[in-house]
Structure formats: C-alpha cells, structure tokens
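Chemist: Quick one: the structure is below, and I'll ask about it shortly.
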Amino acid sequence: KLKYISTMFRDTFTFTPSTLRSLRLQRELQDLEDERRALYRSPRNRQTAAVSQSVFRESRTLSQLSSDSAVHDALCNGDLDKIRVIFKSKEAVNATIQTVSHELNWSAELGLWSLISKQKQTSALHIAAERGHTACVKHLLGHGADVNAAPGGATALHTACANGHTECAQLLLSIGANPNAISEDGYAPLHLCTSPQTFLCAKLLLEHNARVNLQTKDRENTPLHIAAKHGLDKHVDLYLNYCAYSHKKNREGETALNAACSYADKPEAFGRYYKVCKMLINWGANVKTAGKKNHTPLHNACGNGHPDIVKLLLLHGASVNAKNSAGYTPMDCILQAVEDYLEQHPERIVVDLLNHGAGPVDPKMLKQCAVSPWTMEALLNTYEVIPLCDSWIESVPLDVWQKHQVFYESIIQMINKPRSLQHLARCALRNYLGTRCHSVIPQLQLPNSSAEFLLLKLEGYIK
C-alpha cells in the first residue's frame, strides 16, 4: 500500500526530502514485516524465522550502540544494571562506539575562536576504564571484551593509567593487557602516568614488565623524562630503582635533568623539582649536558629563578660561564628573569654564580635588576669603581626607591669615587681565586664576618 501511494503520487505532489525519507523508512519496515509473516505461514520455517528476527534485533542493537546517548551515559556513569542489560554478547561488548567532542579552535585567518566537533572511536571497555568503573570493566571483560583493542588509537590500559585508575589497570593487566602497547600517538601506558595519582599505576605496569626505558615516537622521551618534566619525585625514584637510564637523551639531546630544570618554573612546586634533580644527579645525571638551543640545566634553573637547584648544580660542577645558542650565560638568564621571580630571592642565585666564578657583568645589564636592590648590590660589589647610573636609575619604581632609599643614595654618592681599601682587597682576592671562591674562602682561618664579606654578604648599602 505504501509503495503504491509513493509511486502513484511521486509525479503529482512535491514531497520534501524529510517526507521522502519517512516514506522510505516506513516502506522498509513494511517489507520486513511482510517477509516475517510469509515465513510464519510455513510451519517448517517458523523456527528459522524466529532466529532471523533475533539476529535482526541484535543487529539493530549493535548499530544503535555507536551513537546512542543513553548507552554512552550508562557507561560514563558506571550504571552496572543498565550495562548488564545492554552488553550481553561478545559482539555488543566489542562494538565500536562513536563519540563527539566539541573543542575551541583558533583560526588565524579569521582572527577568532570557533567551536569544532571531533568524532572519536572508542568502546565500552575504554569508556568504563577511563572513568574508573571497575565493576563495569569486570563485566565487559567477563563477556569477551578484547583487552588490547585500540579503536581510537589507544588501549583501555592507556586510558586507565592516564587517569590513575589503579583497580581498573590491575584488572586489565591480570586479563593480559599489554603493558608496552604503543598508541597511535606513539605512547606506552607508562608514558601517560603524568600526575601524582598515577603512581600506583606506574608501579603496576613495571611489576608487569613494562619497559622503563621505552621512548615515545615523537620526541623520544622516556618515562623518566616525562616524570621529571612534571616534577613527579615518587615516579622518578620508582623508575630509577627499576634501572631507568638517568643519562638517556631524547631527540633534542636532553636528559631527564634538563627536563626537570626546564619545567621547574612554578614556585609552589619548587620542592618537588629539587628532589627530582637531586635524585637524578645522585644516579649519575650529567649536570653539563646541553639540550635544546644549547641550554644546560643551569641555564634553565637560572631562567626559572630556582635558587636551590642552582646551588645544587653548581656544587656538582655545572659550567657557570657556558653559553647557549643565543650567547647567553646562566647569569644572563637570571638577570632577564629577576622581575618575574622577586619573591624567590634572585640575589641568592646571582651571589652563588659570582662565588663560583661567573664572569663580569656588563653595566648595561644593571637595568634588568633595577627593581631588586639586593641583586644590584651583589653585582656592584664586583666592580672596583661604581659605573654611571644613567642606564638604570630611571627604571627603579618610585615605591622601590622610597623603600630602599638609603641603598640607592649610597650608590649615587659612590659614583666615580674610589671604593674602600677593604672592598678593593676583596676584589683582588676574589679575582685571584676565580671559580674557587666558594670552596677556598670558607677554609681560610678568618673571622666569620670577614669570610661573609669576601663571599658578598648583602648589607643594604654600597661603600
């Protein structure tokens, strides 16, 4: 009847596309119903018809799984009762599920942000493992889920470890998940342990023979590089005790120590990064290894205003006057960062560099530390004569000048005047000792006040 109506009026009436689609769908359903009834007219075919109808229902269910939001919600929420109803067969458990995410994308051509939709292939096991729904993961594995399937380019173990779901990772590994599976992006599960809550996952992976020195495909980073980059001191300790190579270099020639010093730029995480650097050095990391743009760990630590790491590197033989590709020394790096790290006492770094033999600073660089009187004092005490202040005096903020007026006025009074004999003697001795100031002066049998003076103790004025 439907077929007759659509044929009869096709040339008589104008149907909208949606109307035509509706008619086609109804016609298909009618055809299927006619076939079912025809099969049931013959008793010997009733059993075959029942099987066919069952297969049809399952086929439709599998196709609906791909985009059914109710199914996706059940998996995301860990609704075990619904999951038991939906995922009964091996085919359903391993069905590919399509998800859509919306991301902001910057268009340089249009000069604005646009919302774009991205489709991603996944599976029920991946979604459950990503959300940490252990009971759901167990049900899916018990019904034949492929533990090493990677419909979206990564396995369920990748997603479980990336999100720190230890119980899910344990379950997947016990079923035979590959701890060294490489994702489409070139990462093993161990590379995705990038937060403190992933520590137990990392431990589980290593206990199941994950390769601790496996490198990523893109930048050739090891798990040790990645843990050091994120300041994960417990991860670093774990990897080193599983024989991670502290001297291993990535594609850019950087070791884990380079990575730690490069990313130690948040004061609230300074303590963790210091522990990481100390462990790496104790396990043989070379403090002189230069990586990207010829930056050494000391360049990076100075650029990030981390006084404790700077001291640690210097005590282990870091090259105080090494130059990077731009020709900058570690001293140049800290002077360029003074204003950003005032609360971290950049003068401590400057004094340590000077006591380890840092070369003289061009007076033009004084402008960069105009907001830090303590840093300026340390530098001025390496000059036998105070240079002209024209290059920096106008850069001092009024509030800083008022707070440290005694210091700044003492500088002005000493311009082009001879320094004290005591200061000149200090300069002579320090020039003689060079890089040995930090080690020799404390060994001299001098009063504490004299030793501190020689090591550039800050006093708050210039004389």
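In terms of full-length UniProt numbering, the sequence shown opens at residue 1 and continues consecutively.
Using N, Cα and C, we set each Cβ at its ideal position, and we do this for glycine too.
Apply the 10 Å Cβ neighbour rule to I226 and answer buried if 16 or more other Cβ atoms are within range, or exposed otherwise.
Modeler: I226 comes out buried.
Chemist: Are the CB atoms of L429 and L454 within a distance shorter than 8 Å?
Modeler: Yes; because the gap between Cβ atoms is below 8 Å, this pair is in contact.
Chemist: On the criterion of 16 or more Cβ atoms from any shown chain inside 10 Å, does residue 481 qualify as buried, or is it exposed?
Modeler: For residue 481 there is no data in the structure shown, the boundaries of the chain being 1 and 463.
Chemist: Where does H247 land, buried or exposed, given buried means 16+ other C-beta within 10 angstroms?
Modeler: It is exposed - the Cβ of H247 has fewer than 16 other Cβ atoms within 10 Å.
Chemist: Given D265, which residues of its chain have a CB within under 6 Å of its CB, disregarding the five upstream and five downstream residues?
Modeler: For D265, where only same-chain residues beyond five positions count, the Cβ hits under 6 Å are N304.
Chemist: For T375, which of helix, strand or coil comes out of DSSP?
Modeler: Helix at T375.
Chemist: State yes or no: is the C-beta of C277 within less than 8 Å of the C-beta of A259?
Modeler: Not closer than 8 Å, so no.
Chemist: With DSSP run on the structure shown, which of helix, strand or coil describes G460?
Modeler: G460 falls in the coil class under three-state DSSP.
Chemist: Just curious, the alpha helix (DSSP H) that W401 is in, first and last residue?
Modeler: Per DSSP, W401 belongs to the alpha helix (DSSP H) from L398 to K403.
Chemist: Can you list, in chain order, the stretches of the alpha helix (DSSP H) that have 4 or more residues and sit fully within the region 219-271?
Modeler: Runs of the alpha helix (DSSP H) inside the region 219-271: 223-229, 233-241 and 256-263.
Chemist: Is the region 437-451 touching the region 343-362 in the sense that three or more CB pairs, one from each, lie closer than 8 Å?
Modeler: The answer is yes - the region 437-451 touches the region 343-362, with three or more Cβ pairs under 8 Å.
Chemist: Can you say whether R251 is buried or exposed, counting buried as having 16 or more other CB atoms within 10 angstroms of its CB?
Modeler: It counts as exposed.
Chemist: Since T166 is in the alpha helix (DSSP H), which residue starts that stretch and which ends it?
Modeler: First-last of the alpha helix (DSSP H) with T166: T166 to I175.
Chemist: Report back the beta-carbon spacing between Q121 and G152 to the nearest angstrom; my notes put them in contact at under 8 Å.
Modeler: Contact holds; Cβ gap of about 5 Å.
Chemist: Could you tell me which residues DSSP pairs with V100 in its beta bridges?
Modeler: Partner(s): Q119.
Chemist: Label Q368 either buried or exposed according to how many other C-beta atoms from any shown protein chain fall within 10 Å of its C-beta, with 16 as the threshold for buried.
Modeler: Buried, since its Cβ has 16 or more Cβ neighbours within 10 Å.
Chemist: How should N416 be labelled, buried or exposed, when 16 other C-beta atoms within 10 angstroms of its C-beta is the threshold for buried?
Modeler: When all chains shown are included, N416 counts as exposed.
Chemist: By the 10 Å Cβ neighbour count, where 16 or more other Cβ atoms means buried, how is S372 classified, buried or exposed?
Modeler: Under this definition S372 is a buried residue.
Chemist: Thinking C-alpha only, which one of V236, E207 and S183 is nearest S174?
Modeler: It is E207 whose Cα lies nearest to the Cα of S174.
Chemist: Between which two residues does the alpha helix (DSSP H) containing A428 stretch?
Modeler: Here the alpha helix (DSSP H) through A428 covers L421 to L433.
Chemist: Residues bridged to N105 by DSSP?
Modeler: Note: N105 sits in a beta bridge opposite S114.
Chemist: By DSSP, does I386 sit in helix, in strand, or in coil?
Modeler: Strand.
Chemist: Pairs of beta-carbons, one from the region 319-330 and one from the region 291-301, closer than 8 Å: are there three or more?
Modeler: With a cut-off of 8 Å, the region 291-301 and the region 319-330 count as touching, because enough Cβ pairs lie within range.
Chemist: Reducing DSSP to helix, strand and coil, say where I182 ends up.
Modeler: I182: coil per DSSP, three-state reduction.
Chemist: Given that a residue counts as buried once 16 or more other Cβ atoms are within 10 Å of its Cβ, and exposed if not, what is C389?
Modeler: Flag for C389 reads buried.
Chemist: Alpha carbon to alpha carbon, how far is L232 from A149?
Modeler: Rounded to whole angstroms, L232 to A149 spans 30 Å at the Cα level.
Chemist: Hey, how far is the Cα of E394 from the Cα of W113?
Modeler: Spanning the two alpha carbons is a distance of roughly 41 Å.
Chemist: In terms of DSSP beta bridges, what is I415 paired with?
Modeler: In DSSP, I415 forms a bridge with I386.
Chemist: Which two residues bound the contiguous alpha helix (DSSP H) that contains D332?
Modeler: Segment P330 to A337, the alpha helix (DSSP H) holding D332.
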